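The next block holds one structure in the form of structure tokens; read it before the comments.
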Amino acid sequence: MAFVRAPSPFLLVLVLALSISAAITATTTVPQPISDHHRSAALNLFAPSHGSFPSLQDAYEALRVFEILGIEEKHRVSTDTCKVVLENLSSLSSSLKDLFYALKVNGILKCKVNGEVFEGIASRLNASISDASPLPDLYYSIGGLVLIKDQDSNVDVLLADATGTFQSIKAQSQSDGKWRYSSDKTESSAYAAGLAFEALAGVISLASSEIDQSKVNTVKHDILKLFGSIEKNDDGSFYFDGETVGGHEHQDSLSTTSSVVRGVTAFAAAVSGEINLPGDKTLGLAKFLLGIGVPGDAKDFFNQVESLAFLESKRQVPIQVNLLFKFVLQQYFFSFCFLFFSANVTLDLSWCRVTIPLILSLPETVYSLTTKGQLKVRVSTALGSAAPPLVVKLVRAFSSGAKDSSIIESKELQYDKRSGLHVLDGFTNNVDVGTYVFVFEIVLHDSHSKQVYATGGQIHMPIYVTGIIAVSNAEIGVLGDLGSVQTKKALDLAGNDVVSFSANHLQKLRFSFQLATPHGHVFKPHQAILKFRHEIKVEHVFVIGNVGKKFEITLDFLGLVEKLFYLSGKYDIELTVGDAAMENSFIRLLGHVKLDLPEAPEKAAQPPAPPVDPYSRYGPKTEITHLFRTPEKRPPQNLSITFLGLILLPFLGFLIGLLRLGVNLKNFPSSTVPAAFALLFQLSIAAVLLLYVLFWLKLDLFTTLKTLGFLGAFLMFSGHRILSYLASTSTKLKSA
Amino acid sequence: MARSTSKDAQDLFRALWSAYSATPTNLKIIDLYVMYAVFTALIQVVYMAMVGSFPFNSFLSGVLSCVGTAVLAVCLRIQVNKENKEFKDLAPERAFADFVLCNLVLHLVIMNFLVG
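Sequences listed follow chains C and Z, in order. Each residue of the first sequence is one higher than the one before, counting from 445 in this note's numbering. Each residue of the second sequence is one higher than the one before, counting from -14 in this note's numbering.
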């Protein structure tokens, strides 16, 4: 039963405490709320392959994301997914996890499920709840029963022994607010704590009789203890660290944080009374979640979006008329949630179970003095939905270099209904080019909103103001010894004219110009550089210093002779002035100077080689003439010809000798057949010799041997015939 | 004394010459052939001595072909010589056939060496 107490003056103190707690100085920048980038990323990440999802858990995550972001995608996949859901719900072999996710999907898609199916599942789930079950099983069973209760009110899902179940879950809590997965494990984790809070919330809502309030309060203590171990980043975001528990998969910081958020918001929704989470923690959690940007992983995306949705949730609960006035006063310190009643029966329980964080973001942070725009600020919830009526105040603005002096103080921004932005006109009149920090504060209109929303106190935002810098009074000249001006020319840096000088190493070159911001103040750009480039592409860079608005550089060539590598000749002078805040940064060729420098001494450094054109290595290379071996010295042609003639002399002598000896062909056979053979014999010898000559000139050994085989056979045959004939004739002669 | 020496040399030479004239014609032909081969070899050696032995292969081929054919001719002369009792039963045609065959083989080898 709920308590009914009369309001007391203590309430005023509470309101004061409320406003103090709300005005926490958070000196941080806040990331952008959920936008259309998220929506289009969601469509890509969660697109089902071939119309169906890999598992029920993936289907649930996709559908829940679409539901939160308001994307109308579900009808395309609903028939196939509903089929899978119905299969899972009717099957007796589905695991607890499958049943849980099937019921979750059914809650979004509202497939037509029989009441009997629900009853069967409810009895199964009820039976699986026991004191010895590990935490995940209890979570799925109790969660399933709560979902059935929401989807079919006819089914009896109330827990038989709610207090016992509550006790058994509570028994696994540890002193630091974390939870163990089951009684036989020693390690505890915040992720398990999130599961436990959600399960306990389910138990409370499924209890047939109300759970003892003291037990609920101890759980609230546990939540506060758990939040005591929250991690903090420098930019004011809060999160729960990732952890690995033996036997379970590693949970990173996002999944741990989202599990805790899910659990705490579910528990806060189920109980009467409040959880006193300070507003900076919820704002910090929202900052952490938004700081991830657009996650690339589907699970991370789901965790981020669902946690942000839970941080924003308000619930409308119809309650009975006799509980009209219900003020719950807290025994604890920082309570800023109390109940309102409205005229109709449904009570708007827009108490902040946890405060809804409001995000202040700037659509653009760079403003130009030339276009003179308005300062635009957007305030919305983390999911991008509209904020309650509020006023944005610019507390102060200061230059990032001079933190103590404020340029603008205490301005209120006007709300533009058409664009939904808070704007400030004419701020560019007060600010000059540079980087600034603007400090904003959100002031909610009514005190009711102040309990519901967390604004985060003073918010510091960097603003960049750019403008056109006036460049004027440019002068370049050559000075002699003792500073006497020998030549001087004025330059119009906006134009294109160049100057030409000549100078020797005894003279100096002086160049000066002035820079001023649009409001006429001193401007020191990031780059003010003078570059000297020689004909052979050797470059030298000099930085131009300034005194107030005047920038001046004096180059004493006597001292620079070594730096210039003693290179005389024509140098190009180039001026570079640039800065991020300067809209008219430029590089300009100023002119040429013909320098006459003394000769380099022997030990002077050589100028660096000109840079090689990097594309030249793709061009053709130099020809290579390769000499394999120096050819041997051959004798002169004439000598060789002479000896050729000499070689033939013995042959001639041979022939002459033959003639002198009186050789004759008297023994040549006269009858036809032997004569033919004799001729063939001579011819075949001649053929073999010809073959040898061809072998020398052209042929290879194998061809030669083949041919020689044929010719040799022929030769042998004919030779044998003729010689045997001759032999027989001579024996006949001898015997005769 | 010197005069007698040179007269003795001349007499010796004349005696040798007259004795040589008695040899049969075919043997003289073979001797002529041998002289021809040897002279060719000598000229090649002189050439090599003048210009160096760079393509040594060719020098060897040339010289060895001359020397080889001279050797074969000498063998032929031995076999054909009627006064040689050892080869009485061997027909000169057969010896000539061997001579031709061996020369062809020799020149094949020489050619291969020259080319390779």
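All C-beta atoms, glycine included, are put in the ideal place defined by N, C-alpha and C. All figures in this text were calculated on a predicted structure; none of them were measured in a lab.
Would you verify that the beta carbon of residue 36 of chain Z is, or is not, closer than 9 Å to some beta carbon of chain C? yes
Could one say the Cβ of residue -10 of chain Z lies closer than 9 Å to chain C's Cβ atoms, at least one of them? no
Please state whether DSSP places residue 1136 of chain C in a helix, a strand or coil. helix
Candidates C:803, C:480 and C:532: which alpha carbon is nearest residue 512 of chain C's? C:480
Residues in the segment 1056 to 1072 of chain C with C-beta within 7 Å of chain Z's C-beta atoms, listed in sequence order? none
Return yes when the Cβ of residue 877 of chain C is within less than 9 Å of the Cβ of residue 909 of chain C, no when it is not. yes
Using a beta-carbon distance cut-off of less than 9 Å, what residues from the segment 70 to 85 of chain Z approach chain C? 76, 77, 78, 79, 81, 82 and 85
Take residue 611 of chain C and list the residues in its own chain whose beta-carbon comes closer than 8 Å to its own, dropping the five residues that flank it on each side. 659
Looking at chain Z, which residues of the segment 1154 to 1172 of chain C have a Cβ within less than 7 Å of any of its Cβ atoms? 1163, 1167, 1170 and 1171
In angstroms, rounded to a whole number, what distance separates the CA positions of residue 613 of chain C and residue 554 of chain C? 31 Å
For residue 905 of chain C, is the classification buried or exposed, using 16 other Cβ atoms within 10 angstroms of its Cβ as the cut-off for buried? buried
List the residues of chain C whose Cβ lies closer than 8 Å to the Cβ of residue 13 of chain Z, in chain order. 1105
The segment 734 to 744 of chain C contacting the segment 668 to 676 of chain C, beta-carbon criterion three pairs below 8 Å: no
Could you list which residues in chain C have their beta carbon closer than 7 Å to that of residue 97 of chain Z, in chain order? 1145
According to DSSP, simplified to helix, strand and coil, what is residue 529 of chain C? helix
Can you name the start and end residues of the alpha helix (DSSP H) that residue 750 of chain C belongs to? 742 to 755
Run down chain C in chain order and give the residues with a C-beta less than 9 Å from the C-beta of residue 28 of chain Z. 1087, 1090, 1091, 1093 and 1094
How about the segment 1054 to 1061 of chain C and the segment 943 to 952 of chain C: do they share at least three Cβ pairs that are nearer than 8 Å? no
Which residues bound the alpha helix (DSSP H) around residue 1022 of chain C? That residue, residue 1022 of chain C, is in no alpha helix (DSSP H); its beta strand (DSSP E) goes 1013 to 1022.
Please check the pair residue 55 of chain Z and residue 19 of chain Z, which I expect to be a contact at CB under 8 Å, by giving their CB distance rounded to whole angstroms. 5 Å
CB contact below 9 Å: residue 1010 of chain C versus chain Z: no
Of all the beta strand (DSSP E) runs that stay within the bounds of the segment 632 to 719 of chain C, which reach a length of 3 or more residues? none
Please look up how many angstroms separate the CB atoms of residue 820 of chain C and residue 806 of chain C, rounded, as I've assumed it's under 8 Å. 7 Å
Which of helix, strand or coil does DSSP assign to residue 931 of chain C? strand
Can you grab the Cα-Cα spacing for the pair residue 8 of chain Z / residue -9 of chain Z, in whole Å? 26 Å
Does the contact criterion of 3 or more C-beta pairs under 8 Å hold for the segment 41 to 52 of chain Z versus the segment 1143 to 1154 of chain C? no
Check whether the Cβ atoms of residue 967 of chain C and residue 1026 of chain C lie closer than 9 Å to each other. yes
Strictly under 9 Å for the Cβ-Cβ distance: is residue 100 of chain Z near chain C by that measure? yes
Among the candidates C:1167, C:955, C:964 and C:959, whose CA atom is the shortest distance from the CA of residue 986 of chain C? C:955
If we ignore side chains and look at the alpha-carbon of each, how far apart do residue 623 of chain C and residue 534 of chain C end up? 33 Å
First through last residue of the alpha helix (DSSP H) which encompasses residue 583 of chain C: 579 to 595
Rounding to the nearest angstrom, what Cα-Cα distance links residue 813 of chain C and residue 913 of chain C in this structure? 10 Å
Chain-ordered chain Z contacts of residue 1079 of chain C [CB-CB under 7 Å]: 36
Which residues in the same chain as residue 638 of chain C place their Cβ atom closer than 7 Å to its Cβ, once the five residues preceding and following it in sequence are excluded? 703, 704, 706 and 707
From the DSSP secondary-structure annotation, give me the bridge partner or partners of residue 999 of chain C. C:953
Distance check for residue 1022 of chain C and residue 849 of chain C, CA to CA, integer angstroms please. 27 Å
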